[in-house]
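Residue numbers (numbering that gives the first Met the number 0), protein chains in the order written: chain A, 0 to 419; chain B, 0 to 356. The C-beta atom is built at its ideal place from N, Cα and C for all residues, glycine as well.
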Amino acid sequence: MKSAMTRTAVALAVLVGALGLAACGGGSSSTTGSNTGSETSETSGGGGETASNKGPIKIGAAIDETNLMKFFDGPALAAAEIEAEKINKEGGVDGRKIEFTVENTQLEPAKTKSVAENEVNGGAEIMWVTCDVDWATPSIQVGLKAGLLTVSPCIGTDQMGPKRFGSEGELAFSYGNVAQDEGAALAALFKKHGWKTVDIVPDQSIAFTQNVCESFKNRFEENGGKVVVEEKFTEGDGTIGSVANHVNSSPADAILICATTQNDLPTFVSGVRSAGNQTPIVGPWSIDGSFWLPKSPKISNNIWVTTYASIYGDDPNPEVRELISEMDKKGAEPATGGFVTGASAIDGIKAAVEENEGSTEGKALAESMVNFKDLPTISGEISFSPELHTVFGREYRVIEIKDGKPHYVEMVKAGTPAEL
Amino acid sequence: MSAAREKVLQLLPPLLLIVLIGLVGTTVSAGTKTEFTGVLVNIAIVIALYVFIGNSGVISFGQIAFVAIGAFAAGVMTIPSEVKPTLMPELFPFIANHSISSFESLILASLLGAFIAFVAGIALMRLNGLAAGIATFAVLEIVHNVLRFWEKIGPGAKSLALIPETTGLWEAVLGALFCAVIAFLYQHSRSGRLLRAAREDAPAARAIGVNIHLHRLFAFTLSGALAGLAGGLLVHQIGSITTEQVFLQLTFITLAMLVVGGMGSLWGAVVGGALVSFLNVYLLKLEAGASVGPIHIDLPNGSTLLIIGVVMASIVILRPQGITGSRELSPRRWLGRRRRGASTSPPPPVADAPKAG
Chain A
0 MKSAMTRTAV
10 ALAVLVGALG
20 LAACGGGSSS
30 TTGSNTGSET
40 SETSGGGGET
50 ASNKGPIKIG
60 AAIDETNLMK
70 FFDGPALAAA
80 EIEAEKINKE
90 GGVDGRKIEF
100 TVENTQLEPA
110 KTKSVAENEV
120 NGGAEIMWVT
130 CDVDWATPSI
140 QVGLKAGLLT
150 VSPCIGTDQM
160 GPKRFGSEGE
170 LAFSYGNVAQ
180 DEGAALAALF
190 KKHGWKTVDI
200 VPDQSIAFTQ
210 NVCESFKNRF
220 EENGGKVVVE
230 EKFTEGDGTI
240 GSVANHVNSS
250 PADAILICAT
260 TQNDLPTFVS
270 GVRSAGNQTP
280 IVGPWSIDGS
290 FWLPKSPKIS
300 NNIWVTTYAS
310 IYGDDPNPEV
320 RELISEMDKK
330 GAEPATGGFV
340 TGASAIDGIK
350 AAVEENEGST
360 EGKALAESMV
370 NFKDLPTISG
380 EISFSPELHT
390 VFGREYRVIE
400 IKDGKPHYVE
410 MVKAGTPAEL
Chain B
0 MSAAREKVLQ
10 LLPPLLLIVL
20 IGLVGTTVSA
30 GTKTEFTGVL
40 VNIAIVIALY
50 VFIGNSGVIS
60 FGQIAFVAIG
70 AFAAGVMTIP
80 SEVKPTLMPE
90 LFPFIANHSI
100 SSFESLILAS
110 LLGAFIAFVA
120 GIALMRLNGL
130 AAGIATFAVL
140 EIVHNVLRFW
150 EKIGPGAKSL
160 ALIPETTGLW
170 EAVLGALFCA
180 VIAFLYQHSR
190 SGRLLRAARE
200 DAPAARAIGV
210 NIHLHRLFAF
220 TLSGALAGLA
230 GGLLVHQIGS
240 ITTEQVFLQL
250 TFITLAMLVV
260 GGMGSLWGAV
270 VGGALVSFLN
280 VYLLKLEAGA
290 SVGPIHIDLP
300 NGSTLLIIGV
310 VMASIVILRP
320 QGITGSRELS
330 PRRWLGRRRR
340 GASTSPPPPV
350 ADAPKAG
């Protein structure tokens, strides 16, 4: 009985300790950006701030710093912070400095929500979220409920807006390229190179890859192209080998694979090239980067990618090259061209805040942003519409991987987004 | 004191602990309050697991399937019907055209959880040991894949957004209290006692005419109902849901809660649920980098599940009955012993305590 009492006492002591730890323990959050405004900001905790306030513009970032989205969120945030520092040095946005507070969501839904609530209660005037709409949903909803402009740097579907979040979604925007636009740009690339037939290989595991391939197909057929075969797969389902075999037995001018840089992509490329098939393999931004390429230069050859920026030292825009160099200095070397969306999101926020004379009121910023037409940013000209709160109209860099080495080739533009 | 009063007193510690968590939760910041609410929802889920696993002694990896069913049913049915066609264009018309209140959705979640558990349980409840574990895991896989790919009943692989966030701290307290009371009433019911007898010695129970299949099926169905309810609480807490949220990781972590607390008692389920949930919350903070006093700790990514796994394995090896010994906490007995100090008299028999351990 004594041991039972001890056991109970220990259990209770541990519980009380755990309660205390959980109640008192705070996660880390880092603040970046200079705050040299002469007046102290009055944080409203919702809805942003009015024009009379000259305190810093507080952007609360609820992003992944340790899990699988860190490869997208991290470089985009680093680029955003560099762009913000540049703007701050030039006097800020309508006299207001930009300040980031960053908290790690670890892609845990409950934590994502609580982190976003901490940001709102800490006075965030703009919510900055993870580059995937499904992982980001809990934080997006917190931002939208608080009436904040809620921005993701590189979500690539049309879900970041009213389509997913109803009328509250009018405050949600992404500075990634919308899949309908990238699909159309890929179709434009095919037209430019005279590729009139295609084998399409869409990965069904995420919406972006499905949507890009579907948009491409619609625009490609509108342009008079012919789809020889469409072979669907789901990342990790073990079918990629047979997909490659089927593609090899269905000759076309080019192959379009809409996938992510996980295991199935290098397996597919190896499966195609090993069979002696040297057809151009083309893909959207989601296959950008050289880290996934099979080692053999004979296999990693004749691969074409559309992306936001060339990270290979030959981007046509000197500002982008300078940004990459600054990121390298900060130890945040980008692995794909997607990093630049973070900087362009800051450019977009700056334009919207300036249009509203320094106010960060969510609805006002959203009304400005939705009317952006060919707004110049570091990543190119961007546009939004009431239907598409994810970027369209921006030029894409075309990267060719030749003998294992990627390099910038040309620019391509969608014209108009394709139907989905 | 009568045996009935003694039993009622045994219900008090779990209820008080749930209320205590709620009370502490009112004193913290909004973000931390959300974490406390999550802990209470986890406790409700663990109680649902306990109703079947604790009383029958059969390990089930499938109860989270009923949490998933409850979560998606409650989520899909509470989204305003005007926005459903945009969010989920493939939905069956009878789902797309109707919406219900959050409270009604909890009832629906419970009923659906119970129904699916009953249908699955008719065949599964004849199995024991490893076969039962594998079969219940198959239920989890089936439900997961149906929810992930059948867009006529939900969002499919996409996250479901715009769900009313009606599970606040006190709603979660009420939900956990409700589950605890139901679990307590069941374990002291005739069916519950017969099932616990069968757990201890199945051949002997059969010999005296206990229909083990029937009582297991009842417990499985009741567990499914409570799991569905907990799923409803979960989805209304976060305001969104994906199929991955209610799959393998939740299965592992809630089973760890039950094992660590002690799977043979309601007190064990509640203590384990609270303890491992708080441990999970705090370890995640340390993974993100946090200060404990003057020391800054930055655990490697993935440490949380690893540490919880080690804790669970240690408990299984060192204290197979969990930290509560799989016994209910009797305030009368505990306080009485404290008053008398180290008494020489033998302890009174404890109703429903498992023999082992």
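GLN158, PRO161, LYS162, ARG163, PHE164, GLY165, SER166, GLU167 and GLY168: these are the residues of the stretch 156-174 of chain A whose beta carbon lies less than 9 Å from some beta carbon of chain B, given in chain order. Residue contact with chain B for SER384 (chain A): absent (no Cβ-Cβ distance below 7 Å to any residue of chain B). With a threshold of 7 Å between beta carbons, LEU305 (chain B) makes no contact with chain A. Runs of the alpha helix (DSSP H) spanning 4 or more residues and lying entirely within the stretch 201-265 of chain B occur at 201-206, 211-237 and 247-260, in chain order. Classified as buried, LYS284 (chain B) has 16 or more neighbouring CB atoms from the shown chains inside 10 Å of its CB. Straight through space, the alpha carbons of VAL38 (chain B) and VAL275 (chain B) are spaced by roughly 9 Å. For the pair ALA178 (chain A) and SER214 (chain A), the CB atoms are nearer than the 7 Å cut-off. Considering only beta carbons, the part of the stretch 51-66 of chain A lying closer than 9 Å to chain B consists of GLU64, THR65 and ASN66, in chain order. DSSP, reduced to helix, strand and coil, places LYS231 (chain A) outside both helices and strands of the structure shown, so it counts as coil. DSSP places CYS130 (chain A) in no alpha helix (DSSP H); its state is neither H nor E. Sixteen is the threshold: since fewer than 16 other Cβ atoms of the shown chains lie within 10 Å of the Cβ of GLN248 (chain B), the residue is exposed. DSSP places TYR407 (chain A) in the uninterrupted beta strand (DSSP E) bounded by 404-411. For LEU184 (chain B), the uninterrupted alpha helix (DSSP H) segment begins and ends at 168-186. By alpha-carbon distance to ARG396 (chain A), the top candidate from A:SER248, A:LEU364, A:THR238 and A:GLY282 is A:GLY282. Sequence-ordered contacts of the stretch 239-260 of chain B with chain A read SER239, ILE240, THR241, GLU243, GLN244 and GLY260 [C-beta pairs closer than 9 Å]. At a cut-off of 7 Å between C-beta atoms, ILE237 (chain B) counts as an interface residue with respect to chain A. Identification of residues in the stretch 105-128 of chain A having a C-beta nearer than 7 Å to some C-beta of chain B yields GLN105, GLU107, PRO108, ALA109, LYS110, LYS112, SER113, VAL114, GLU116, ASN117 and ASN120, given in sequence order. Taken atom to atom, the span from the alpha-carbon of ASP297 (chain B) to that of THR303 (chain B) is near 12 Å. Note: THR149 (chain A) is bridge-paired with A:MET126 and A:ALA171 in the DSSP secondary-structure output. The beta carbon of TRP194 (chain A) sits closer than 6 Å to those of ASP252 and ALA253, all from its chain and outside the five residues before and after it, given in chain order. Cβ-Cβ separation between ASN176 (chain A) and TRP303 (chain A): approximately 16 Å, too far for a contact (criterion under 8 Å).
When the alpha-carbon of GLY56 (chain B) is set against those of B:VAL258, B:ASN279, B:ILE314 and B:VAL309, the nearest one is in B:VAL258.
Contact residues of the stretch 132-163 of chain B toward chain A are LYS157, SER158, ALA160 and LEU161 (C-beta to C-beta distance below 7 Å).
By the neighbour-count definition (other C-beta atoms within 10 Å, threshold 16), GLY208 (chain B) is an exposed residue. Segment contact: the stretch 294-314 of chain A against the stretch 400-417 of chain A, three or more CB-CB distances shorter than 8 Å; contact assigned. Rounded to whole angstroms, the gap between the alpha carbons of ASN316 (chain A) and PRO55 (chain A) is 30 Å.
Assigned with DSSP and collapsed to three states, PRO375 (chain A) falls in strand.
The three-state secondary structure of GLU399 (chain A), taken from DSSP, is strand. For the options B:GLU327, B:HIS212, B:PRO13 and B:VAL310, the alpha carbon positioned closest to that of MET256 (chain B) is the one of B:VAL310. Counting every other CB atom within 10 Å of its CB across the protein chains shown gives ASN210 (chain A) a total of 16 or more, marking it as buried.
Judged by pairs of C-beta atoms under 8 Å, the stretch 134-143 of chain B does not touch the stretch 78-91 of chain B, as fewer than three such pairs exist.
Contacts with chain B at 7 Å (Cβ-Cβ) include ASN103 (chain A). Per the DSSP secondary-structure output, HIS295 (chain B) pairs in a beta bridge with B:SER290.
Chain-ordered, the chain B residues with CB closer than 7 Å to the CB of THR136 (chain A) read SER158, ALA160 and SER239. Contact of LEU283 (chain B) with chain A is assigned, a C-beta pair being separated by under 7 Å. Against chain A, a Cβ distance below 8 Å from VAL82 (chain B) picks out GLY165.
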